[in-house]
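Asker:
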Amino acid sequence: NKTQFILMMTPVVLFSLTVHEYSHGKTAFLLGDDTAYRLGRLSFNPLRHLDPIGVLFFYFMGFGWAKPVPVDWRNFANPRKDMMFVSLAGPLSNIALAVLCSAFIRIISPYENEFLFILTSFAVYINVALAVFNMLPLYPLDGSSILKGLVPRELAAKLVALDRIGAFLMLGAFLLDHFLHTGI
């Protein structure tokens with residue numbers, strides 16, 4: 025039933041989002057920005073990354089979010105390129121988790137440990153979904169910063185102007201789908 029599903033998904037989602045956000049912070053740290061470290065966000069503690077509204081949305085709307093790790097691009101030697109790498113770190117961490125869980129699935133038997141098999145299968149699904157979703161080039165998703173790092177500077181500046189409406193467009197699409205069943 026739905027309650028069991030959500031209860032099984034909770035540790036997977038918490039772990040996956042925590043690794044995702046930690047990866048952003050660690051990459052920023054390695055590239056010269058210690059903001060996440062100074063604010064205690066360079067942590068594998070899921071409580072440091074939870075956004076209360078994002079959690080409520082997850083349980084009641086079927087999607088949610090974590091608190092983004094703070095990054096100060098002014099601390100980078102090459103801000104456009106370095107922000108692109110920081111943004112890429114989150115989805116890459118989710119792909120790495122999906123691959124790791126896929127390998128683990130190959131060695132466990134669904135008949136001997138059904139719960140662990142299902143949990144690991146959810147982990148593959150959730151991490152691939154997080155990686156793909158976060159690569160969409162719409163602010164505040166990681167794909168937006170990655171795209172801005174790949175395109176010419178003039179086009180990147182125009183894309184920054186669209187950032188103000190990106191989150192509202194995305195939230196509107198999810199709410200429309202939830203209440204009107206648009207199939208988005």
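Just so you know, we're using our numbering here: the sequence shown kicks off at 25 and counts up by one.
Ideal placement from N, C-alpha and C gives every residue a C-beta, glycine not left out.
Every value quoted in this text rests on a predicted model; they were computed, and no experiment measured them.
Spatial neighbours of Pro15 within its chain, please: CB distance less than 8 Å, with the 5 preceding and 5 following residues excluded, ordered by chain position.
Answerer: Residue numbering for the chain in the displayed model covers 25 to 208; residue 15 lies beyond these limits and cannot be assessed.
Asker: In terms of DSSP beta bridges, what is Leu74 paired with?
Answerer: Bridge partners of Leu74: Ala90.
Asker: Any idea if Ile150 is buried or exposed, counting beta-carbon neighbours within 10 angstroms, 16 or more meaning buried?
Answerer: The residue in question, Ile150, is buried, as its Cβ has 16 or more Cβ neighbours within 10 Å.
Asker: So for Phe68, helix, strand or coil by DSSP?
Answerer: In the structure shown, Phe68 sits in coil (DSSP, three-state: anything other than H, G, I, E or B).
Asker: Since I believe Met108 is in contact with Phe100 (beta carbons under 8 Å), could you give me their beta-carbon distance rounded to a whole number of angstroms?
Answerer: Wrong, their Cβ atoms sit about 10 Å apart, outside the cutoff.
Asker: For Ala68, which residues from the same chain have a beta carbon less than 7 Å from its beta carbon, with the 5 sequence-adjacent residues on both sides left out?
Answerer: The question names Ala, yet the displayed sequence has Phe at residue 68. The residues are Thr42 and Tyr46.
Asker: Curious, which full-length alpha helix (DSSP H) runs of at least 4 residues does the region 122 to 164 contain?
Answerer: As far as the region 122 to 164 is concerned, its whole alpha helix (DSSP H) runs of at least 4 residues are 138 to 158.
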